[in-house]
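So the protein lines, in turn, are chains L and F.
So the first sequence is numbered by the working numbering: it starts at 19 and just counts up by one.
So the second sequence is numbered by the working numbering: it starts at 266 and just counts up by one.
Ideal placement from N, C-alpha and C gives every residue a C-beta, glycine not left out.
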Amino acid sequence: MRTWVRNTPAAIYLLVVLAFIYLPVVVLVLFSFQDGPLPVPPFNGPSLHWYEKMFGNERLIASLINSVVVAILSAVVTTFLGFLAAYGMARRTPRFAGGIRFSLMAPLTVSYLIIGIGLLITLNIVGISKSLFAVGIGHVVINLPLCFAIIYSQFGDHTRNIDDAARDLGASDFQTLLHVIAHVMKPSLFASFCLSATLSWDEFIIAFLLSRFDVTLPVIIFEMLRSGLTPEVNAAGTLVFAISVTTVIAAAITVSALTSGRKK
Amino acid sequence: MLSKARLTKRKGFEFTRWAVHPALLFTFLFFILPLLAMLIVSFWQRIGGKLTATWTFANYNKFFSKDYLVEALVNSVEVTLTATVISVLIAYPLAYILAFRVPVRWQRFVLIFTILPFWTAYVVRSYSWLLVISENGIINVIMTSLGLIDQPLEMAYSRGATVLGFVHFFTMLMTLTIYANLVQIKPTYHKAAADLGASPLQIFFRITLPLSIPGVAVGAFITFVIAIGDYINPQILGGGNEVLIPQAIILQVSRAANFPMASVMSVMLMVVVIVVYFVSAKHLKMERV
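This is the structure we're talking about:
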């Protein structure tokens, strides 16, 4: 009882901040089921009208497919590059290790906006037109530091020993990397893939600057925002949120299952 | 057999040496080179719609002579600093409660629950606040129906609304970095201080707070970098009264295709971030000594 009393202010604070954090999310999701033209009170519903409208919107569906493609492909490339780099750094400490780590992590300290403007200017100078491919490259740039850091943090003495053992048993470098190291590193590779994919899926400014006709979902939603408050935006936002959260939760469950399996 | 094994071992030696290079090359081509291109173009000019290598400070002169551009940068710094400070003030007690008041086996769950809205669609996040604070939004409707106000409050489309949008997002981020720092502080420090007669307040101000400064600094720095470069939040919540630097940059790019001027503004934005980096890095080191 005494601890409960001592913790009352703490519990109240926790609830108040959680209410603040969840207020816009709840309003967004609730009014995506609005039966009426405006996503504001009073709430009439629930209705799936705006979801029907959204899934009937061809431009939106096309952009959704673009977003999924960019998210998956850029996440594959990011995880591959990050894995190789982490392996190279962990297997044998290269010369200039500090400098290499600094260069790989540097994009984290630069705004997405500036990375996007830099790529846009480069495309302009080289004379390449904007495209979904350029968006994908931009997404690899912003996600590579995180993926490298995640994978690198999971390398250790045990991976070095396994690596040596595989080689002593006659495995080639490629076999070692593909069948042994990649297998041991599966949880962090998967985590890095999922994180990279969700961040790309939700990214706006680089996609906005570097895409032309084949835009991504966040760019289409931004265009829809210009026409003011409409429950269709609520529906689209809820869809993006649902897919991100599902990916993140699935990733968390899979990673913890993979790692706990390992301990046994 | 032995020679073959040796051969593969030597090949492996070569391979591991080159494993880091694809990522380095990628970073060089698509991060370093574009930033250099941006820096170079900031000294070029757009003559007759074409980029021309003029090598002049004219763009920088223009930036500093146009009050509204300098003002945009100042506005950005003010808004970002305000949002960062408020986020720390909200996030610190929350992280503290999570680390020291919530039972250990519940901590992970409560933490994940707290930062789950992190994954709300980025473009829609600011829009969601519009639903809450706009003239016919939920707050005004509730307060009017309770009879607390006669006229709807004008909260949206202002600097305060921009700050609110930032605070909402970065409170979650900083709760995470500060919590991660707090749980690393050894409980024995608190016990030792208590045994030596320190009051709970003394323990907090002399032990917990100083040891948690790195978590605050990391969170504040990430917040600053992301917020000062954010276009969406001020664009949607900020309204037309003032322009922040990302909005000014996008305006140059999308309306005028004026890459030299956009580059100048991006360079100025980077300079601000670099200054902040050195200020916070110094602070971090000081705390470690």
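- In the three-state scheme derived from DSSP, where H, G and I count as helix and E and B as strand, LEU509/F is classed as coil.
- Using a C-beta cut-off of 8 angstroms, the stretch 422–433 of chain F makes contact with the stretch 497–508 of chain F, since at least three inter-stretch Cβ pairs fall below that distance.
- In terms of Cα proximity to ALA152/L, the closest of THR111/L, THR96/L, ILE168/L, ILE224/L is ILE224/L.
- Using a Cβ-Cβ cut-off of 7 angstroms, PRO358/F is close to TYR31 of chain L, given in chain order.
- Listed along the chain, the chain F residues whose CB falls inside 7 angstroms of the CB of ASN179/L amount to none; the nearest CB is some 15 angstroms away.
- If you look at ARG370/F, you'll find it in the alpha helix (DSSP H) that goes 369–380.
- In terms of Cβ geometry, ILE169/L and PHE101/L form a close pair [threshold 8 angstroms].
- When DSSP reads this structure, GLN310/F sits in a beta bridge with THR317/F.
- Spanning the alpha carbons of VAL538/F and ARG366/F requires a straight line of approximately 36 angstroms.
- The closest CA to that of ILE351/F, considering only VAL388/F, LEU438/F, ALA302/F, is found on LEU438/F.
- Taking CB atoms only, ASN84/L has no neighbour in chain F less than 8 angstroms away.
- Cα atoms of ASN142/L and TYR496/F: separation of roughly 22 angstroms, rounded to the nearest angstrom.
- As the crow flies, the alpha-carbon of VAL481/F is around 27 angstroms from that of GLY503/F.
- Under the Cβ criterion of 8 angstroms, TRP384/F is counted among the residues facing chain L.
- Listed along the chain, the chain L residues whose CB falls inside 9 angstroms of the CB of HIS433/F are PHE38, ILE39, LEU41, PRO42.
- Against chain L, the beta carbon of VAL353/F has no neighbour under 9 angstroms; the closest one sits roughly 13 angstroms away.
- Using a Cβ-Cβ cut-off of 7 angstroms, GLY494/F is close to SER129, TYR130, LEU131, ILE132 of chain L, given in chain order.
- Between ASP220/L and TYR387/F a beta carbon distance of about 5 angstroms is seen, short of the 8 angstroms cut, so the two are scored as contacting.
- Following the DSSP letters along the chain, one finds GLN500/F inside the alpha helix (DSSP H) bounded by residues 497–502.
- Judged by beta-carbon spacing, ALA275/L lies beyond the 8 angstroms limit of CYS212/L, meaning their Cβ atoms are not closer than that value.
- Under the three-state reduction of DSSP, SER330/F is assigned to helix.
- Judged by beta-carbon spacing, GLY136/L lies beyond the 8 angstroms limit of MET408/F, meaning their Cβ atoms are not closer than that value.
- Note on the stretch 214–279 of chain L: whole alpha helix (DSSP H) runs with a minimum of 4 residues are 223–228, 235–243, in chain order.
- In the DSSP assignment, THR292/F falls within the alpha helix (DSSP H) that extends over 286–292.
- In terms of beta-carbon proximity, VAL159/L lines the interface with chain F, with at least one pair separated by less than 8 angstroms.
- VAL285/F is positioned such that its CB atom lies no closer than 8 angstroms to that of MET203/L.
- Three or more beta-carbon pairs separated by less than 8 angstroms link the stretch 295–313 of chain F to the stretch 512–532 of chain F, which places the two stretches in contact.
- By the neighbour-count criterion, in which a residue is buried when 16 or more other Cβ atoms sit within 10 angstroms of its Cβ, TYR454/F is exposed.
- The DSSP-derived three-state label of MET107/L is helix.
- Contact annotation for ASN62/L against chain F: no contact, minimum CB-CB distance about 14 angstroms [criterion: below 8 angstroms].
- Using beta-carbon distances, ARG110/L counts as an interface residue toward chain F, with a partner under 8 angstroms.
- Within a 10 Å sphere around the beta-carbon of TYR361/F sit 16 or more other beta-carbons, which makes this residue buried.
- When secondary structure is reduced to three states using DSSP, THR440/F falls in the helix class.
- ALA445/F and TRP384/F have their C-alpha atoms spaced approximately 19 angstroms apart.
- DSSP, read as helix, strand or coil, puts GLY154/L in helix.
- Burial is judged here by how many other beta carbons sit within 10 angstroms of a residue's own beta carbon; HIS197/L has fewer than 16 and is exposed.
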